[in-house]
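Colleague: Counted the way our numbering counts, the sequence shown spans residues 162 to 297. Note that beta-carbon positions come from the ideal geometry of N, C-alpha and C, so glycine has one too. Owing to the predicted nature of the structure, the values given are computational and were not obtained by experimental measurement.
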Amino acid sequence: MSFADQVGGFHKDVMKLILAVFQTSVQFMAEDIVKTSPVDTGFLRNSFNITLNSLPNLGDNGVGIAGISGAVAGIKISDTVYLSFTASYAMRLEYGFEGKDSKGRLYNQSGRFWVRGAAQNWNSYVEQAFRKAGAV
């Protein structure tokens, strides 16, 4: 095997590892977001969505917890991944809401900040993914 072939093989192996770590990190983060989301009826959790290269539309069907691994399997290294909720009230739960809504009801709801909390843990998801891949 020539040196060029060895370098080419190494490059392919590294790219596979990078993709595996990227996909696994996204999966860890997505699972954490869904598992820590507030639950009343389960509609919010089921509205969780993973889209690639474009934002979802409000009201789109989500993948929920059960569809995360299938959605993650389609991720390519060049993709921009959006993790989101399509339930119309998701932003109010995340950031809070104070004031009257469109129906005149008065709210003073504190934010739950579970999505931001997961985003702040991105480095730990990547570290866990590297360990899982056997890279560290």
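Does the segment 213-227 touch the segment 240-258, meaning 3 or more C-beta pairs lie closer than 8 Å?
Modeller: Contact between the segment 240-258 and the segment 213-227 is present, because at least three Cβ pairs lie under 8 Å.
Colleague: In three-state terms, what does DSSP make of residue 285?
Modeller: The answer is helix: DSSP assigns residue 285 an H, G or I state.
Colleague: Can you tell which of 269, 258, 188 has the C-alpha that lies nearest to the C-alpha of residue 227?
Modeller: 188
Colleague: Ordered along the chain, which non-local residues of its own chain (more than five positions away) have a Cβ less than 8 Å from that of residue 196?
Modeller: 226
Colleague: Just the C-alpha distance for residue 183 and residue 293, rounded to the nearest angstrom, thanks.
Modeller: 12 Å
Colleague: How many angstroms separate the CA atom of residue 230 from the CA atom of residue 190?
Modeller: 12 Å
Colleague: With DSSP run on the structure shown, which of helix, strand or coil describes residue 299?
Modeller: Absent from the structure is residue 299, since the part of the chain shown begins at 162 and ends at 297.
Colleague: Which ranges does the alpha helix (DSSP H) cover as unbroken runs of at least 4 residues, wholly within the segment 177-232, from first to last along the chain?
Modeller: 204-207
Colleague: Could you spell out where the alpha helix (DSSP H) holding residue 268 opens and where it closes?
Modeller: DSSP places residue 268 outside any alpha helix (DSSP H); the residue lies instead in the beta strand (DSSP E), whose first and last residues are 267-271.
Colleague: Just to check my reading of the structure: residue 268 and residue 260 have Cβ atoms closer than 8 Å, yes? What is that Cβ distance to the nearest angstrom?
Modeller: 7 Å
Colleague: Helix, strand or coil for residue 258, going by three-state DSSP, please let me know.
Modeller: strand
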